[in-house]
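Numbering (the working numbering), first residue to last: 1318 to 1522. Glycine included, each C-beta is placed from N, C-alpha and C at the ideal position. Since this is a predicted model, take the numbers as computed values, not measurements.
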Amino acid sequence: MATPTILLVEDDENIRELVRLYLEANGFGVREAEDVQEAETLLSLEQPDLLILDIVLPDGSGLGLCQTLRDDGCELPVLFLSCKDDSEDMIAGLDLGGDDYMTKPFDPNVLVSRVKALLRRRAMQEKKGKTDSPQEELVERLTKREIEILTLIKVGYTNREIALHYQISIGTVKGYNNQLFGKLGAKNRTHAIMLASEIGILRSS
């Protein structure tokens, strides 16, 4: 089995070294870039299995690089890193086609676990090929937490009550909501519940 390769795009040398050491200790090959231009050069030479992408880079934005990749039809899994604990950044990154998001500082072990999860998901999708219906593909894209939040919304929880339930900020809850609505193609909470019930994510009551 070939060693999975990760392209790590991060301008902080200390963070790059820390992440590289943890990834290599878990059996991953790591390529490193410190800015957008270097990342684009490496991507033109070899496509990795996953991209870890800092949002703020010396010569541009990781968001812009992700958008370019998606516009070119590249389905490479993307895990964003950011020093901003800001729901707007999280929403922007996920809306542009990012697959996950972590804020600094972070636990390197958690990052490795998320990398493994994204690669498992990609492997399952490749194995299934194009046999899944659009509805099945949507179910695959929703995370466990997103489905939990949908369930809470269905039983009538407000954003404030969801925030208290998970001990997170209301802004983070709104970020999850926007992420869910985007994946479902929903206009609002009621529409999201209706669509989720129709495709079997939630049981109709």
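GLU1341 to ILE1323, Cα distance in whole Å?
When rounded, the distance between both Cα atoms is 10 Å.
Based on the DSSP secondary-structure assignment, which residues constitute the bridge partners of GLY1390?
DSSP, once it has assigned bridges, lists no residue as partnering GLY1390.
Looking at LEU1368 and VAL1326, is the spacing between their C-beta atoms short of 8 Å?
Yes.
By DSSP, does THR1468 sit in helix, in strand, or in coil?
THR1468 sits in a helix when the DSSP states are folded into three classes.
Leaving aside the five residues before and after ASN1476 along the sequence, list all residues of the same chain whose C-beta is less than 6 Å from its C-beta, in chain order.
For ASN1476, where only same-chain residues beyond five positions count, the Cβ hits under 6 Å are ILE1487 and VAL1490.
Pop quiz: PRO1321 and ASP1389 are said to be a contact at Cβ under 8 Å. What is the actual Cβ separation, rounded to whole angstroms?
PRO1321 to ASP1389, Cβ: 22 Å. No contact.
Under the assumption that LEU1512 contacts GLY1502 (Cβ atoms under 8 Å), give the Cβ distance between them as a whole number of angstroms.
Yes, they are in contact, since the Cβ atoms of LEU1512 and GLY1502 sit about 7 Å apart, within 8 Å.
Spatial distance of THR1448 from LEU1436 (CA atoms)
For THR1448, the predicted model reports a pLDDT of 48, less than 50, meaning its position is unreliable and no value from the coordinates is stated.
Determine whether the beta carbon atoms of ILE1466 and ILE1479 lie at a separation below 8 Å.
Yes, they are a contact pair.
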